[in-house]
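K.L.:
Got a structure for you, written out below as structure tokens; questions coming shortly.
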Amino acid sequence: MHQFRNLVIAACLALTTLASAQSDPTKPIATVNGESIGGMEYFRRMEFLPGYGKMVGNRFIEGWPGYLALQQIINERILLQLAKEKAVAPKDADIAAELNLRLKNSPKLLETLAKVGITKADLEHQIRVDLSEFNLITMGVNVTDQEVEQHYKDNPTRFTVPKRYKLRLIAVTEEKKSQVDTALAGGKTFADVARDMSSDPSALQGGAIGDVPATALAEAVTKMLDLTKIGTTTEWIKGASGGWFKFLVEDVKPSEKIPLDANTKAQLRRSLMLDRGRVRNNLDKMMTDARKKAKITVVQPGLNEMIQEWQKSVTGD
Numbered sequence: 530m531h532q533f534r535n536l537v538i539a540a541c542l543a544l545t546t547l548a549s550a551q552s553d554p555t556k557p558i559a560t561v562n563g564e565s566i567g568g569m570e571y572f573r574r575m576e577f578l579p580g581y582g583k584m585v586g587n588r589f590i591e592g593w594p595g596y597l598a599l600q601q602i603i604n605e606r607i608l609l610q611l612a613k614e615k616a617v618a619p620k621d622a623d624i625a626a627e628l629n630l631r632l633k634n635s636p637k638l639l640e641t642l643a644k645v646g647i648t649k650a651d652l653e654h655q656i657r658v659d660l661s662e663f664n665l666i667t668m669g670v671n672v673t674d675q676e677v678e679q680h681y682k683d684n685p686t687r688f689t690v691p692k693r694y695k696l697r698l699i700a701v702t703e704e705k706k707s708q709v710d711t712a713l714a715g716g717k718t719f720a721d722v723a724r725d726m727s728s729d730p731s732a733l734q735g736g737a738i739g740d741v742p743a744t745a746l747a748e749a750v751t752k753m754l755d756l757t758k759i760g761t762t763t764e765w766i767k768g769a770s771g772g773w774f775k776f777l778v779e780d781v782k783p784s785e786k787i788p789l790d791a792n793t794k795a796q797l798r799r800s801l802m803l804d805r806g807r808v809r810n811n812l813d814k815m816m817t818d819a820r821k822k823a824k825i826t827v828v829q830p831g832l833n834e835m836i837q838e839w840q841k842s843v844t845g846d
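Per the numbering used here, the sequence shown runs over residues 530 to 846.
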């Protein structure tokens, strides 16, 4: 069920573009040595800031933030209208139920989002968009309890959290290996040596790299980790690029079976519905057809021209 573990992170990333709504363009947004930066200056600069863009597949497409944000808002509006047209728009009760589920899984979600200016209303809007997309993809699709239970039984690996190693890491060149060994033998902690000598980005956290699944490590590394007692370090391991690595094993967590509880059932049902729905309902085609019929105008002339060109490109006109 790994695909469900980053829902909160995904929601936070998807909502960051809404945070600017919390700033008043008629008031100063910041001061520098007593000089104020006005809200309108901030919005204008943010709208047309050069050097930014988004990933499309494996390519980075540069574009003004205002243009990219407007694209997303237009797409969301068309999606919501399409869901309403197809009679699958989520009801307010559906939004509330999904919000309660997210808060149950992450009790401090609203508090975390509020720190970057994202309100409960913003989150509810994103949930409405998410559920509208889900409902469009899964129109006419049903998954029974028996099918859910059978899939769980037939795919044990998918519902097993692999063995994990809680590790700290020191990465150095051949020349620095002896310096690390001398420092550790002299009583310096692994974390302090990592901060002082490691070339890995984890050096800032004293080499801490957290819980690493056994499935993410080479077999030779896991064998060495299994031979290393908790609280002690491994021998040096030569990396593929020529560097050398040493781990401190802080803890080992055994593999765990994810129970088929109500939450897992709901997530699995959703996953199976999406798998079947993507075969049955072509959302991309539905959105393209809806864009072709959409009448879109933008007040700002430059942005309007760009949006019209974008609309032509995505509809094939």
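Every residue gets a Cβ at the ideal spot worked out from N, C-alpha and C, and that includes glycine.
Report back the beta-carbon spacing between E728 and V701 to the nearest angstrom; my notes put them in contact at under 8 angstroms.
P.N.:
Here the sequence assigns Ser to residue 728, which means Glu is not the residue at that position. Their Cβ separation, rounded to whole angstroms, is 6 angstroms, which keeps S728 and V701 in contact under 8 angstroms.
K.L.:
Hey, could you find the ends of the alpha helix (DSSP H) Y581 is sitting in?
P.N.:
Y581 -> no alpha helix (DSSP H), and no H or E assigned at all.
K.L.:
Taking buried to mean at least 16 other C-beta atoms within 10 Å of its own C-beta, is A550 buried or exposed?
P.N.:
With a pLDDT of 43 at A550, under the threshold of 50, the modelled position of that residue is not reliable, and the figure given next carries that caveat. Flag for A550 reads exposed.
K.L.:
Spatial neighbours of R799 within its chain, please: C-beta separation below 7 angstroms, excluding the five flanking residues on both sides.
P.N.:
Nothing meets the Cβ criterion.
K.L.:
Measuring straight from C-alpha to C-alpha, what distance separates W839 and T817?
P.N.:
About 12 angstroms.
K.L.:
Which residues in the same chain have their Cβ closer than 6 angstroms to the Cβ of D740, if we skip the five residues on either side of it in sequence?
P.N.:
Correct list, in chain order: R693 and K695.
K.L.:
Please classify L797: is it buried, with 16 or more other beta-carbons within 10 angstroms of its beta-carbon, or exposed?
P.N.:
Counting Cβ neighbours within 10 Å, L797 comes out buried, since at least 16 surround it.
K.L.:
Measure the C-alpha to C-alpha separation of V781 and L754 and round it to an integer number of angstroms.
P.N.:
Going by the C-alpha atoms only, they are around 9 angstroms apart.
K.L.:
Please return the same chain residues whose Cβ sits closer than 6 angstroms to the Cβ of L777, not counting the five positions on each side in sequence.
P.N.:
Cβ within range, chain order: R697, F719 and T762.
K.L.:
Have a look at the DSSP bridge pairing and note the partners of L696.
P.N.:
G739 and V778, per the DSSP bridge assignment.
K.L.:
Enumerate in chain order the residues of its own chain whose CB-to-CB distance from L578 is below 6 angstroms, with the five nearest sequence positions on each side excluded.
P.N.:
So the list reads P594, once near-sequence residues are dropped.
K.L.:
Between which two residues does the beta strand (DSSP E) containing G845 stretch?
P.N.:
Neither: G845 is in no beta strand (DSSP E) and is coded neither H nor E.
K.L.:
Hey, how far is the Cα of P554 from the Cα of E576?
P.N.:
Cα-Cα distance, rounded: 13 angstroms.
K.L.:
Sort out for me which residues DSSP pairs G567 with in a bridge.
P.N.:
Per DSSP, P557.
K.L.:
Considering only the alpha carbon of each residue, which of A745, N664 and G646 lies closest to K809?
P.N.:
First, the residue type needs correcting, since residue 809 is Arg and not Lys in the sequence shown. The shortest Cα separation from R809 among A745, N664 and G646 belongs to N664.
K.L.:
Taking only the alpha-carbon atoms, compute the straight-line gap between L803 and A612 and give it to the nearest angstrom.
P.N.:
Rounded to whole angstroms, L803 to A612 spans 16 angstroms at the Cα level.
K.L.:
Should L756 be labelled buried (16 or more other beta-carbon atoms within 10 Å of its own) or exposed?
P.N.:
So L756 ends up on the exposed side.
K.L.:
Are the segment 631–650 and the segment 765–775 in contact at 8 angstroms, needing three or more beta carbon pairs?
P.N.:
The answer is no - the segment 765–775 does not touch the segment 631–650, with fewer than three Cβ pairs under 8 angstroms.
K.L.:
So, using beta-carbon positions, are R807 and I699 closer together than 8 angstroms?
P.N.:
No, the Cβ-Cβ distance between R807 and I699 is not below 8 angstroms.
K.L.:
Closer than 8 angstroms by C-beta to Y571: which residues in its own chain qualify, once you throw out the five before and the five after it? Chain order, please.
P.N.:
Only S552, P554, I558 and A559 meet the Cβ criterion.
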